[in-house]
Amino acid sequence: MTAYYLRLGFAHLRRHPVLTLLMVLTLAVGIAASMSTLTVLYMMSADPIPEKSTRLLVPNFDYGNLDDLRAGQPPEAHQLNYLDTRNLLASDIGAARTALYSTNLTVFPPREDLYTYAAQGLATTRAFFAMFQVPMRRGAVWSEQDDVTGAPVVILSRRQAERLYGDRDPVGERLRLGQNRSQEFTIVGVIDNWTPQPHFHHIYNGMGANFSAEDDFFLPLRTAVDLAWANNGNTSCWGNAGNTREEFLASECVWLQFWFEAATAADRAVIASALDNYVNDQKKLGRFLRPLNNRLFDVNEWLAYNEVVSNDSRLSTWLAFGFLLVCMVNLSGLLLAKFSRRAGEIGVRRALGARKRDIFFQFSLEALVIGLSGGGLGLLLSFGGLWLIGLQSADVQSIARMDLAMLLTTFALATTAAVLAALVPTWRACQITPALQLKSQ
Amino acid sequence: MDFATTFALLKRKKAGALLIIGQIALSLAIIANALYLVSDRLSLAARPSGVADESRLFRITAVLGEDSPEKMLADKKRDRDLLAAIPGVESVSISNTSPLSRRYNNSLQIVRVPDQETARAEASLYISPDSLIDTLQLKLISGRDFRPEEVLESRSTDAVVNLGHAAIISRALATALFADTPAVGQQIGVAGQQLTVVGVVERLQKTRANPGLHGEYTLLLPILNDRVASTFVVRTRAGERDRVMADAEALLRQQDRRRVIEANVSMEQDRKTRYSAETSLAGMLLAVTALLLLVTASGIIGLVSLWVNQQRRQIGVRRALGARQRDILRMFLSEMSLLGLAGVLLGIGLGLALNELLVRKLEVAQMNWSYLLGGAAILFTLSVVAVLGPARRAARISPAVATRLA
Numbered sequence: 106m107t108a109y110y111l112r113l114g115f116a117h118l119r120r121h122p123v124l125t126l127l128m129v130l131t132l133a134v135g136i137a138a139s140m141s142t143l144t145v146l147y148m149m150s151a152d153p154i155p156e157k158s159t160r161l162l163v164p165n166f167d168y169g170n171l172d173d174l175r176a177g178q179p180p181e182a183h184q185l186n187y188l189d190t191r192n193l194l195a196s197d198i199g200a201a202r203t204a205l206y207s208t209n210l211t212v213f214p215p216r217e218d219l220y221t222y223a224a225q226g227l228a229t230t231r232a233f234f235a236m237f238q239v240p241m242r243r244g245a246v247w248s249e250q251d252d253v254t255g256a257p258v259v260i261l262s263r264r265q266a267e268r269l270y271g272d273r274d275p276v277g278e279r280l281r282l283g284q285n286r287s288q289e290f291t292i293v294g295v296i297d298n299w300t301p302q303p304h305f306h307h308i309y310n311g312m313g314a315n316f317s318a319e320d321d322f323f324l325p326l327r328t329a330v331d332l333a334w335a336n337n338g339n340t341s342c343w344g345n346a347g348n349t350r351e352e353f354l355a356s357e358c359v360w361l362q363f364w365f366e367a368a369t370a371a372d373r374a375v376i377a378s379a380l381d382n383y384v385n386d387q388k389k390l391g392r393f394l395r396p397l398n399n400r401l402f403d404v405n406e407w408l409a410y411n412e413v414v415s416n417d418s419r420l421s422t423w424l425a426f427g428f429l430l431v432c433m434v435n436l437s438g439l440l441l442a443k444f445s446r447r448a449g450e451i452g453v454r455r456a457l458g459a460r461k462r463d464i465f466f467q468f469s470l471e472a473l474v475i476g477l478s479g480g481g482l483g484l485l486l487s488f489g490g491l492w493l494i495g496l497q498s499a500d501v502q503s504i505a506r507m508d509l510a511m512l513l514t515t516f517a518l519a520t521t522a523a524v525l526a527a528l529v530p531t532w533r534a535c536q537i538t539p540a541l542q543l544k545s546q
Numbered sequence: 109m110d111f112a113t114t115f116a117l118l119k120r121k122k123a124g125a126l127l128i129i130g131q132i133a134l135s136l137a138i139i140a141n142a143l144y145l146v147s148d149r150l151s152l153a154a155r156p157s158g159v160a161d162e163s164r165l166f167r168i169t170a171v172l173g174e175d176s177p178e179k180m181l182a183d184k185k186r187d188r189d190l191l192a193a194i195p196g197v198e199s200v201s202i203s204n205t206s207p208l209s210r211r212y213n214n215s216l217q218i219v220r221v222p223d224q225e226t227a228r229a230e231a232s233l234y235i236s237p238d239s240l241i242d243t244l245q246l247k248l249i250s251g252r253d254f255r256p257e258e259v260l261e262s263r264s265t266d267a268v269v270n271l272g273h274a275a276i277i278s279r280a281l282a283t284a285l286f287a288d289t290p291a292v293g294q295q296i297g298v299a300g301q302q303l304t305v306v307g308v309v310e311r312l313q314k315t316r317a318n319p320g321l322h323g324e325y326t327l328l329l330p331i332l333n334d335r336v337a338s339t340f341v342v343r344t345r346a347g348e349r350d351r352v353m354a355d356a357e358a359l360l361r362q363q364d365r366r367r368v369i370e371a372n373v374s375m376e377q378d379r380k381t382r383y384s385a386e387t388s389l390a391g392m393l394l395a396v397t398a399l400l401l402l403v404t405a406s407g408i409i410g411l412v413s414l415w416v417n418q419q420r421r422q423i424g425v426r427r428a429l430g431a432r433q434r435d436i437l438r439m440f441l442s443e444m445s446l447l448g449l450a451g452v453l454l455g456i457g458l459g460l461a462l463n464e465l466l467v468r469k470l471e472v473a474q475m476n477w478s479y480l481l482g483g484a485a486i487l488f489t490l491s492v493v494a495v496l497g498p499a500r501r502a503a504r505i506s507p508a509v510a511t512r513l514a
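Residue numbers (the numbering used here), protein chains in the order written: chain A, 106 to 546; chain B, 109 to 514.
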């Protein structure tokens, strides 16, 4: 019977092409709007490192003065100062720990045909690569010794390595990099393509881009600090920032992002209390004037706290789904019109013995067909929608793309919408009494 | 056609009637909120930066090679003079940043001296040894621009960072710190140093153009520093901006092959980039509004056409009994008016509820009534116009239909 119903359904759809087109189009447009906005929202909110996102933790301490203290508020500082960074790196809190800051550096290419150019550098410790599961393509991460002494070593991103050295293995080569002081670095490694979306590991990166920006060069934290390479991110100061470099490093200016790795999710509480003890110890030395107000965030909490998913994306998605709802109501009306025209046919079928549920099944099947074609057309339109949304900025463009899950969701949404929209018209079709229809023939 | 008859007629087509009411209500709820959001976002993007005639401005940032502070300072001045000599250039200023560029933001707490407890604000700094007032064509509303003798040179090797003695502030900052008292001549505290306000400009936005009043808390300082990144803000003659931008980049590259041109962007482009999210959202919402109106209209036309078909005999009988064409028309119009009214009333309720939800969950501000009422008027008119087509077809049904057997 199913095959017969399908043939019957298709025949009817072909007989009223304008009505059919209108129904499919209405559904398709609603699906396209909803799915393109939903896809962007889904990509933006995706967990960038699901295997470890509950075990990578960011600490926040409440630096700040007493006079503008407002009770119950989270710390204004989102980063750490240099003193706390050094102390915590040297501690054994957590299974692993790292700190990082972004720096804008000038690259002096070894090739004559390239101008010097600006690139994004990340100053961090060797633990960073294991903690964030950064894949190495060539060479290896610098050694513990390099971290301690601040050796002039650098790791390139794959894109930079190819730009400067083509297919050659650059490990061991020397490259001049600089800011207000430049010097020769030895390349010790090249990472493979690594673009976690969003860039949760360094939200404060001065590029204002959470999704599309890439780190070009990695160097030891100590090296960058010794060279006095400036922070290309956020620097916030409480109290005096000092006039000299030494004073700045000793001040309560925060500019470093810190990460702990917990061995298990349960260790989070252990790390939290260890940090409380640390701050209390520092209070005895006269620092941290405000009452204890530490925070610890895991990856997803950190992203939510920094509002990486903009409210605008959520707004667009909600309104797009509202639009889909109107399209469904519209489809309902069109289906009502379509089914009402076939009152005679339904009457004859019922008179010949079809039960109400057979009629229900037949028309639901027709609605399903509309749902699938609406879904197909909607999918095509969604690609257009994603492209339009991506026009906004390079950052959004990098995540405005569909994956398999969203593709399947499109069809599921379309068929569900069509079947739901068909409920009322189909129910009314079932209620048609055969006798009335036969009489008027 | 009185209310009771119309209502009775509609009761016989309950499903369709409810669907039309539903469509109108949902569309109104969404359209009212959407149009409000569009107006909100577009008005944010239309805020003036304080700069006159933005289409003639661009910023070019060069990263110098490293050198002694004296050489860096001299190089910056030399580059500025070379840029000023390019034909088509009216004015050049060395600066740390440019309005709407969202780069190199320096902000500090500014306090009123004395009375620090009560008057403080976080302001963004514009640091330039040249006249930014001149290059950006800012409007000076009281006081004066900096004098050449007030300009300082600041080196990274200095033991102490000296901010000088003079500062120019924006009117928004002046009101925040001094309320109604004239700000010129007053003392302010900046990073522990005391400066005198010598002038107040009408408006200058922070480089990030934050929403709200504090997006205009800005402070100008007459300092030349030896920071390695040097931004030049250039005003050109009308129509010559693009050519000058290309010439400027070529010129700066020529000076030193080691130097990096980090950015060469017009203020027009900066404005577009800064507000790309807002304009995108506005565009999307307008598209959804247009589609919604289209979908609702098509839905009404579809259903009413169905009713016309279903009621052929009744209409024929009416005509045979003496109804004129315009009576038939009036019948449909009054049906649609009732449906439209019901839909619009329900829609106003839904619209308020949706706005409440958005306010609570997505930090949207409260919509005012004009959007709901305006939307209601649009949708009501739309539904009545949409019904005209099928209604006219119905009116032309000949009375002879009543007498036919089929």
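All C-beta atoms, glycine included, are put in the ideal place defined by N, C-alpha and C.
So, for B/S264: in the same chain, excluding its five sequence neighbours on each side, which residues have a beta-carbon less than 7 Å away from its beta-carbon? Excluding sequence neighbours, B/S264 sits near P177 and D334.
Quick check: the Cα distance between B/I423 and B/A116, rounded to an integer number of angstroms? Using only the alpha carbons, I get a separation of about 15 Å.
Hey, how far is the Cα of A/G490 from the Cα of A/T291? 46 Å
Looking at chain B, which residues of the stretch 430-458 of chain A have a Cβ within less than 8 Å of any of its Cβ atoms? L430, V431, C432, V434, N435, S437, G438, L439, L441, A442, S445 and R446
According to DSSP, is B/Y383 part of a helix, a strand, or is it coil? coil
Closest by CA to A/N336, which one among A/F316, A/E319, A/H307 and A/N348? A/H307
Tell me the DSSP bridge mates of A/A224? A/L210
Give me the subset of the stretch 411-422 of chain A whose CB atoms are less than 8 Å from a CB atom of chain B, sorted by chain position. S415, N416, D417, R419, L420 and S421
Pull out every residue of the stretch 126-137 of chain A whose Cβ sits closer than 7 Å to any Cβ of chain B, in chain order. L127, T131 and V134
Once you ignore the five residues that flank B/A428 on each side, which residues in its own chain have a CB closer than 6 Å to its CB? P507 and A510
Run through DSSP, which three-state label would A/D508 get? coil
Closer than 8 Å at the beta carbon, the chain A residues around B/T404: V431 and N435
What is the residue span of the alpha helix (DSSP H) that A/K134 lies within? Just to set this straight, residue 134 of chain A is Val in the shown sequence, not Lys. Looking at the DSSP string, the run of the alpha helix (DSSP H) that includes A/V134 is P122 to S150.
Segment limits, beta strand (DSSP E) that includes A/E352: It is not in any beta strand (DSSP E) - A/E352 instead sits in the alpha helix (DSSP H) that spans R350 to A355.
If you follow the alpha helix (DSSP H) that B/M50 is part of, which residue opens it and which one closes it? The question about residue 50 of chain B has no answer here: the residues shown for chain B are numbered 109 through 514.
For A/A370, which residues in the same chain have their Cβ closer than 8 Å to its Cβ, ignoring the five residues on either side in sequence? T159 and R160
Identified DSSP bridge partners for A/G283: A/T211 and A/S287
According to the Cβ coordinates, are B/G300 and B/I276 closer than 7 Å? no
Identify the residues that DSSP records as bridge partners of A/F365: which are they? In DSSP, A/F365 forms a bridge with A/L162 and A/R202.
By DSSP, does A/E278 sit in helix, in strand, or in coil? Of the three classes helix, strand and coil, the one that applies to A/E278 here is coil, per DSSP.
Between B/I409 and the rest of its own chain, which residues show a CB-CB distance below 8 Å, the 5 nearest in sequence each way excluded? A494, V495, G497 and P498
Exposed or buried, what is A/A108 when buried is set at 16 or more other beta-carbons lying within 10 Å of its beta-carbon? exposed
Judging by CA-CA distance, which residue of B/R351, B/I128 and B/L327 is the nearest neighbour of B/G451? B/I128
Is there a Cβ from chain A that is less than 7 Å from the Cβ of B/V495? no
How should B/E257 be labelled, buried or exposed, when 16 other C-beta atoms within 10 angstroms of its C-beta is the threshold for buried? exposed
Taking the continuous beta strand (DSSP E) assigned at B/P156, which residues delimit it? Looking at the DSSP string, B/P156 is not in any beta strand (DSSP E), and its letter there is neither H nor E.
Cβ of B/T205 within 7 Å of Cβ of B/T344? no
So the candidates are A/V501, A/L541, A/P530 and A/A523; which of them puts its Cα closest to the Cα of A/S150? A/V501
So which residues of chain A does B/R367 contact, with C-beta pairs closer than 9 Å? T211, Y220 and T221
Using DSSP with H/G/I as helix, E/B as strand and the rest coil, what is A/P325? Strand at A/P325.
Under three-state DSSP, which class holds A/T422? helix
Residue-chain proximity (B/Q131, chain A), Cβ-Cβ < 7 Å: yes
Skipping 5 residues on each side, what residues in its chain have a beta carbon closer than 6 Å to that of B/E370? T169 and V171
Does any CB atom of chain A fall closer than 7 Å to the CB of B/E370? yes
Cutting at 7 Å between CB atoms, please list the residues of its own chain near B/V146, excluding the five before and the five after it. A390, L393 and L394
Report the three-state DSSP secondary structure of A/A235 (helix, strand or coil). A/A235 sits in a helix when the DSSP states are folded into three classes.
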